[in-house]
Structures are given as C-alpha cells and as structure tokens.
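Notes for the one structure printed next.
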Ligand code: SF4
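In our numbering, the protein residues as written are 6 to 75.
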C-alpha cells in the first residue's frame, strides 16, 4: 500500500456508482508499481466490486474463469 499510486488520492473513483464508467480509474492504474500485486490481491480475495490492478469486476471474472479452466 505504501507504493500504491492511488495512495492519498481521493479524486479517482475506484468504486464508481452504478452506471459510472470505471475507465478513468482503470487508466489511472496503468503505471502503478504494485498493479500486479493489487490485481492478485483482488483475485485471491474474490473482490467483486471496484477497480483493482487496473481491472473491472468483469475483467477479473474473466481472468478467474480462464485460470479455472487452465
Ligand atoms: S493498481 Fe491498485 S494500488 Fe495501483 S493505483 Fe490501481 S487500485 Fe491503486
């Protein structure tokens, strides 16, 4: 968390309201030094809301599905 790009940022909506686009948050995550760890944390804990590691909930669902069949 110390290295997270989003640390101390309150202007980026990582948990957008229904209908809001998460694109801005996903884009913000690019270049985060702990993006991979953030994504793996979300996958490990089955976090189904918000943007983690630059991915939307649907993208994480697709990753989980792909890994389950691999
Ligand atoms: S990848 Fe995770 S830690 Fe990094 S900015 Fe995005 S939400 Fe924050």
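No residue lacks a Cβ here, since even glycine has one placed at the ideal position from N, Cα and C.
{"Query": "Closest residue to residue 36 among 15, 59, 23 and 19 (Cα-Cα distance)", "Result": "59"}
{"Query": "Element boundaries [alpha helix (DSSP H), containing residue 48]", "Result": "40–49"}
{"Query": "As assigned by DSSP and simplified to three states, the class of residue 60", "Result": "strand"}
{"Query": "Whether residue 30 touches residue 17 by CB criterion (8 angstroms)", "Result": "yes"}
{"Query": "Residue closest to residue 39, alpha-carbon to alpha-carbon, out of 65, 57, 69 and 53", "Result": "57"}
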